[in-house]
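Take a look at the structure set out below.
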C-alpha cells in the first residue's frame, strides 16, 4: 500500500478504488485463440460455453469478473462471452478456456452484425425464453364504493348542519 507522505490535497488522488471504466469500445476476437461463445451451464467458478461450431468448452472465470467488479459482468445462461484458448495446455478430452469479456445486450446486437454468434442450445432455450417480464398489472383489483347518506345532526345551538357543510 502506498504511504501518504504528502498529506493535504495530494491525498485526494491516492484512493482510486471504485472508478468507472471508460466506454471506449468493447473487445472483439482478433486472432484464432479468441472466440465468441454462449454460456450453457454455470458451475460457480467456471461455466460451460458453446462455440459457433458446436464445440463445448470449460470456461474458467477469472478474479477480474468476481467480487467488486461482478456487477457490470453478470454471467448467466445465454450470455455471449469472449473466451481465450489455453495454448499451453495439451490436447485433452475436455478443453479449458479463460473468460476475457462479458457482452451486454446492446453489444451483442452490434456483434451479430459483424460475427456469427452461436445459437442458444435447445435445452437452455426453453429456460431462457420462457421468462417474460412486462409492466402490466395482471392482478384482479376490486373497487368498493361506499355512499354516505346526508345525515342531519344538531349542534349546541340547535341549528341543523349537514356533513357536507362541515
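Residue numbers (the UniProt record's numbering): 1 to 166.
Where a beta carbon is used, it is the ideal one built from N, C-alpha and C, also for glycine.
Original post:
Which residues does DSSP pair with residue 34 in a beta bridge?
Top reply: 84
Original post:
Going along the chain, which residues of its own chain have a beta-carbon closer than 8 Å to the beta-carbon of residue 115, five neighbours each way excluded?
Top reply: 28, 29 and 36
Original post:
In chain order, what residues of the same chain have a beta carbon less than 8 Å from the beta carbon of residue 62, not counting five sequence neighbours either side?
Top reply: 98 and 99
Subject >> Euclidean distance between Cα positions of residue 33 and residue 86 >> reply: 8 Å
**OP:** List the residues that DSSP assigns as beta-bridge partners of residue 46.
**Re:** 60
Original post:
Would a C-beta distance cut-off of 8 Å place residue 103 and residue 80 closer than the cut-off?
Top reply: yes
Original post:
Distance, Cα to Cα, residue 50 vs residue 38?
Top reply: 5 Å
Subject >> Assigned secondary structure, residue 3 (DSSP; H/G/I helix, E/B strand, else coil) >> reply: coil
Subject >> Exposed unless 16 or more other CB atoms sit within 10 angstroms - verdict on residue 31 >> reply: Looking at its Cβ environment, which holds fewer than 16 other Cβ atoms inside 10 Å, residue 31 is exposed.
Original post:
Run through DSSP, which three-state label would residue 77 get?
Top reply: coil
**OP:** Locate the beta strand (DSSP E) running through residue 98, then write down its first and last residues.
**Re:** 96 to 102
**OP:** In the DSSP assignment, find the alpha helix (DSSP H) that holds residue 113 and state where it starts and stops.
**Re:** 105 to 114
Original post:
In this structure, does DSSP put residue 70 in helix, strand or coil?
Top reply: For residue 70, the three-state secondary structure derived from DSSP is helix.
Original post:
What number of angstroms, rounded off, separates the C-alpha of residue 44 from the C-alpha of residue 66?
Top reply: 11 Å
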